[in-house]
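Convert by adding 1 to the 1-based position in the sequence shown; the result is the number in the numbering used here.
Built from N, CA and C at the ideal position, the CB exists for glycine as well.
Keep in mind it's a predicted model, so treat the numbers as computed, not measured.
Below: the structure, in structure tokens.
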Amino acid sequence: MTRRTEWLGSPAEPGGDPESGYGPAEPEAGGGARPGRRSRGGAGSGSGFGEGAGRRARSGTRSSGSPSSSRAETGEPRDPVEQARNICLRLLTGSPRTRKQLADALRKREIPDEAAEEVLARFVDVGLIDDAAFAGAWVESRHHGRGLARRALVRELRTKGVDSAVIDEAVGQLDPDQEEETARELVARKLRSTRGLDRDKRLRRLAGMLARKGYGEGMALRVVRQALEEEGEDTEGLDEPF
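In structure tokens:
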């Protein structure tokens with residue numbers, strides 16, 4: 002006959018012995034209790050163990066609880082400088098961050114300003130925080146990946162707390178001819194979806210797309226007009242601002 006076992010520290014079955022790790026005595030085929038297994042507790046006890054065993058089971062369950070939460074609490078550094086350092090390292094592991102983004106994260110976690118400033122200054126010194134490099138990479142990625150123009154890139158970098166002088170230097174890497182060429186590529190990809198619309202609707206849709214990506218009105222109009230002319234559209238009167 003198979004004997005059932007439980008893992009130590011797991012909740013015992015009703016009627017089981019939590020100290021031995023076994024469940025209650027199983028009846029034999031004839032209905033009697035298994036030889037050699039005597040139920041604990043007094044006569045007439047239907048649970049298989051007495052009140053004292055029940056108390057032991059409850060205390061055992063409490064004592065066998067996982068201490069991971071308490072270890073996590075005691076393992077967290079109490080020094081605010083160490084806390085700030087750990088927070089910044091975790092954030093920088095995921096992706097580059099600006100100084101302001103990290104400062105905001107430390108403030109949100111209630112790190113004292115003095116400790117936060119000490120860690121941020123140290124990270125700048127060793128090159129872990131580099132707003133200029135961040136801005137340059139951001140401009141390169143967002144222009145080639147999303148087709149964003151200068152105005153949109155400036156707006157995004159400002160929201161990330163990059164200094165205005167650093168932003169100007171980063172967006173200065175965009176050549177005007179390159180920017181216009183990107184605008185033409187964006188219009189060419191969108192042009193097919195506007196076929197079947199009247200000319201003015203096509204103009205508004207294509208120019209509006211470029212405006213949302215930060216292109217100026219003059220460049221957008223020039224690029225859209227040229228694209229429509231190449232498709233045989235009459236562009237007379239499209240020199241006016243849209």
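Open item on the list: Nearest by alpha-carbon distance to D105: which of R143, G162, A122, K214 is it?
Closed with: Position 104 of the sequence shown, counted from the first residue, corresponds to residue 105. For the residues R143, G162, A122, K214, the minimum Cα distance to D105 belongs to G162.
Task: Under 7 angstroms between C-beta atoms of R152 and G215 - done: Within the sequence shown, numbered from 1, the residue matching residue 152 stands at position 151. Within the sequence shown, numbered from 1, the residue matching residue 215 stands at position 214. Yes.
Task: 7 angstroms Cβ cutoff met for L103 and A136 - done: Within the sequence shown, the letter at position 102 stands for residue 103. Within the sequence shown, the letter at position 135 stands for residue 136. L103 places its beta carbon 7 angstroms or farther from that of A136.
TODO: Compare the C-alpha of D164 against each of Q174, R100, R205 and name the closest.
DONE: Position 163 of the sequence shown, counting from 1, holds the residue named residue 164. Between D164 and the set Q174, R100, R205, the nearest pair of CA atoms involves R100.
Task: Beta-carbon proximity check, G217 vs L187, cutoff 7 angstroms - done: Residue numbering aside, residue 217 sits at position 216 when the sequence shown is read from its first letter. Residue numbering aside, residue 187 sits at position 186 when the sequence shown is read from its first letter. Inclusion of G217 and L187 in the CB contact set at 7 angstroms is not warranted, their separation being larger than that value.
TODO: Assign P177 to one of two classes, buried (16 or more other C-beta atoms within 10 Å of its C-beta) or exposed (fewer than that).
DONE: Looking up residue 177 in the sequence shown gives position 176. Here P177 is exposed, its C-beta having fewer than 16 other C-beta atoms within 10 Å.
TODO: Give a yes or no on contact between the segment 224-237 and the segment 188-200, applying the rule of three or more CB pairs nearer than 8 angstroms.
DONE: Short answer: they touch.
Task: Proximity winner among C89, S142, K109, relative to A171 (alpha-carbon distances) - done: Stepping through the sequence shown from its first residue, residue 171 is reached at position 170. Selected option, being the one with the closest Cα: S142.
Task: Meets three-Cβ-pair contact criterion under 8 angstroms: the segment 125-139 and the segment 191-203 - done: Not touching, per the Cβ criterion.
- [ ] Tell me where the alpha helix (DSSP H) around R110 begins and ends.
- [x] Counted from its first residue, the sequence shown places residue 110 at position 109. It is not in any alpha helix (DSSP H) - R110 carries neither H nor E in the DSSP assignment.
Open item on the list: Can you tell me whether H145 is buried or exposed? The criterion is at least 16 other CB atoms within 10 Å of its CB, across all chains shown.
Closed with: Locating residue 145 in the sequence shown gives position 144, counting from the first residue. Here H145 is exposed, its C-beta having fewer than 16 other C-beta atoms within 10 Å.
Task: L92 beta carbon less than 7 angstroms from that of R98 - done: By 1-based counting over the sequence shown, the position of residue 98 is 97. By 1-based counting over the sequence shown, the position of residue 92 is 91. Yes, they are a contact pair.
- [ ] For G148, name the three-state secondary structure that DSSP assigns.
- [x] Start at 1 with the first residue of the sequence shown, and residue 148 comes out as number 147. Coil.
Task: Any alpha helix (DSSP H) of 4 or more consecutive residues that is wholly inside the segment 202-234 - done: Listed in chain order, the alpha helix (DSSP H) runs fully inside the segment 202-234 are 218-231, counting runs of at least 4 residues.
Task: Outcome for D132 when other beta-carbon atoms lying within 10 angstroms are tallied against a minimum of 16 - done: Sequence index remark: in the sequence shown, residue 132 carries index 131 (1-based). With 16 or more other Cβ atoms within 10 Å, it is buried.
TODO: Could you round the C-beta distance between A228 and L211 to whole angstroms and report it? I think they count as a contact, below 8 angstroms.
DONE: Start at 1 with the first residue of the sequence shown, and residue 228 comes out as number 227. Start at 1 with the first residue of the sequence shown, and residue 211 comes out as number 210. Taking 8 angstroms as the upper bound for CB-CB distance, A228 and L211 are not in contact here, some 11 angstroms apart.
Open item on the list: Measuring only the C-alpha atoms, how far is E231 from L192?
Closed with: In the sequence shown, the residue the question calls residue 231 occupies position 230. In the sequence shown, the residue the question calls residue 192 occupies position 191. Cα-Cα distance, rounded: 11 angstroms.
Open item on the list: Under DSSP, the alpha helix (DSSP H) around D178 begins and ends at which residues?
Closed with: What you label residue 178 is simply residue 177 of the sequence shown in a count that begins at 1. Element bounds for D178: 177-192.
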